[in-house]
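**Q** Take a look at this one; I'll ask things after.
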Amino acid sequence: MMAATLQAASGKLKLAWFLISGKRPFSTGYGAYKEEHVRGVLERGEFHPGKLPDGYGLDLDERIIEYPWLLSHLPSGPGLLLDAGSALNFRFLLDLPALAAKTVHICTLAPEKESFWELGISYTFQDLRRTCYRDAFFDHVVSLSTVEHIGLDNGRFYTGQSSSPRDPASYLDAVREMARILKPGGRLYLTIPYGRHADLGWLQIFDAAMLDRVLEAFGASKVVEQIFRYTPGGWQVGTRADSAHASYVDLHTGARWRRGLPVAAESVACLVLTK
34 MMAATLQAAS GKLKLAWFLI SGKRPFSTGY GAYKEEHVRG VLERGEFHPG
84 KLPDGYGLDL DERIIEYPWL LSHLPSGPGL LLDAGSALNF RFLLDLPALA
134 AKTVHICTLA PEKESFWELG ISYTFQDLRR TCYRDAFFDH VVSLSTVEHI
184 GLDNGRFYTG QSSSPRDPAS YLDAVREMAR ILKPGGRLYL TIPYGRHADL
234 GWLQIFDAAM LDRVLEAFGA SKVVEQIFRY TPGGWQVGTR ADSAHASYVD
284 LHTGARWRRG LPVAAESVAC LVLTK
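Going by our numbering, the first residue of the sequence shown is number 34, and it counts up by one from there.
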C-alpha cells in the first residue's frame, strides 16, 4: 500500500513538472501525462474506430491509438493472453476488466523496472522469433509496436541486447511464431508503424508490401485492418494510400519538435488476424 501511494505521488509530481516545463514529449512526466489521457479516453468512451473526434491524441504518440483500439476489439471474459513485447506491463492497463479477467503472460527480451507478479502475471524473457510455448496455446496474442524492432538494435531498451546480428527480415519469423502458438480461431492483435519504408537502426517503418508479407506469413482466416495517421489536428482515421509517405520522428535522438508534428510514428497500422 505504501509503495502504491508513493508511486502515485511521484506520478503527480512528474505530471506537474511536465505541464509547467513546456510539455515536450518524452521528457520527464510525459509517461504520466500520456497515462492520464489514455485513462480519460477509456473512461469517456472517446475512441470510435470509424471516426475520431477533432484534436484526438494531440501531442501524444501512437499508444493513444493502440490501447483503446485493442480494447475495442478484445473480447471480455477469460482466456489465455500473451503480451508479445510487454506493451501492456502497466498497472492501470492490467487492472482493466478485459485484461483482469484473463490469464496474462508477458514475453520480452529482459526484465523490466516493474512487474506485477501479485496480479498473477507470468513473465518470460526470450526472443519472439523462438519461444518456449507449445503449439496452439494462447487464445489471444497482443503485439503492439514490437515487430518493427525485431532483428534490429534493441540496446536503447535492454542493455546488452544490441550485439545480436542484424536481421531486418526476421520479423516474419516472429509473425509465424505468433501464429504457431495461437489456438485455431485465436486472434493476433498487431500494430506497426506504417508509411514510407525506412530502417532507423532500432526500428523499421513498414510499407504496404511489408504489411502484405505479414499477412502472408500469418495465413489468417480473417483480417481486420485499420490505418490511423497523425495530423496537425491530432490523430485521425487514415488509409494505406493517404499514409503511404508517413515517417517517424525520433525525439530520443534530440530531434527538434514543434506542435503539429508527430510525436513518434506519423501513422500506425492496426491488424486483427484470426488464425
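All C-beta atoms in this analysis are idealised placements derived from N, C-alpha and C, irrespective of residue type, glycine included.
How about A117 and T179: are their beta carbons less than 8 Å apart?
**A** Numbered from 1 along the sequence shown, position 84 holds the residue referred to as residue 117. Numbered from 1 along the sequence shown, position 146 holds the residue referred to as residue 179. Taking 8 Å as the Cβ cut-off, A117 and T179 qualify as a contacting pair.
**Q** Given that a residue counts as buried once 16 or more other Cβ atoms are within 10 Å of its Cβ, and exposed if not, what is G293?
**A** By 1-based counting over the sequence shown, the position of residue 293 is 260. Exposed, by the Cβ-count rule.
**Q** Residue range of the alpha helix (DSSP H) that I97 falls in?
**A** Position 64 of the sequence shown, counted from the start, is the residue given in the question as residue 97. Looking at the DSSP string, the run of the alpha helix (DSSP H) that includes I97 is 96–106.
**Q** How about W102 and F80: are their beta carbons less than 8 Å apart?
**A** Here residue 102 refers to the residue found at position 69 of the sequence shown. Here residue 80 refers to the residue found at position 47 of the sequence shown. Against a cut-off of 8 Å, the Cβ pair of F80 and W102 comes out as a contact.
**Q** Would the stretch 198–209 and the stretch 142–158 be scored as touching if the rule is three or more Cβ pairs under 8 Å?
**A** no
**Q** Measure from the C-beta of P86 to each C-beta in chain C and report whether the shortest distance is under 8 Å.
**A** Chain labels in this structure do not include chain C; a single protein chain is all it has.
**Q** Where L304 and V270 are concerned, what is the direct C-alpha to C-alpha distance, given to the nearest angstrom?
**A** As a working mapping, residue 304 is identified with position 271 in the sequence shown. As a working mapping, residue 270 is identified with position 237 in the sequence shown. So the alpha carbons of these two residues sit roughly 14 Å apart.
**Q** Okay, do the stretch 216–234 and the stretch 274–283 touch, 3+ Cβ pairs below 8 Å being the bar?
**A** yes
**Q** Within 10 angstroms of the Cβ of E76, are there 16 or more other Cβ atoms? Answer buried if so, exposed if not.
**A** Along the sequence shown, read from residue 1 onward, the residue named residue 76 stands at position 43. With fewer than 16 other Cβ atoms within 10 Å, it is exposed.
**Q** What are the residues that DSSP puts in a beta bridge with R57?
**A** Position 24 of the sequence shown holds residue 57. DSSP, once it has assigned bridges, lists no residue as partnering R57.
**Q** Are the Cβ atoms of D168 and R213 separated by less than 8 Å?
**A** Position 135 of the sequence shown holds residue 168. Position 180 of the sequence shown holds residue 213. Their beta carbons are under 8 Å apart, which means D168 touches R213 by this criterion.
**Q** Would you mind stating whether H285 and L236 have Cβ atoms separated by less than 8 Å?
**A** Within the sequence shown, residue 285 is the residue found at index 252, counting from 1. Within the sequence shown, residue 236 is the residue found at index 203, counting from 1. Not a contact, by the Cβ cut-off of 8 Å.
**Q** If I follow the unbroken alpha helix (DSSP H) through F354, where does it start and stop?
**A** This structure cannot speak to residue 354, because the chain is shown only from 34 to 308.
**Q** Measuring straight from C-alpha to C-alpha, what distance separates F149 and H173?
**A** What you label residue 149 is simply residue 116 of the sequence shown in a count that begins at 1. What you label residue 173 is simply residue 140 of the sequence shown in a count that begins at 1. If you take the alpha carbons of F149 and H173, they lie about 20 Å apart.
**Q** Grab me the residues of K47's own chain with a C-beta within less than 8 Å of its C-beta, minus the 5 sequence neighbours each way, in chain order.
**A** Here residue 47 is taken as the residue at index 14 of the sequence shown, counted from 1. Closer than 8 Å at Cβ, skipping near neighbours: T61, G62, G64, A65.
**Q** If you scan the stretch 185–221 from start to end, which runs of the beta strand (DSSP E) of 3 or more residues do you find wholly inside it?
**A** none
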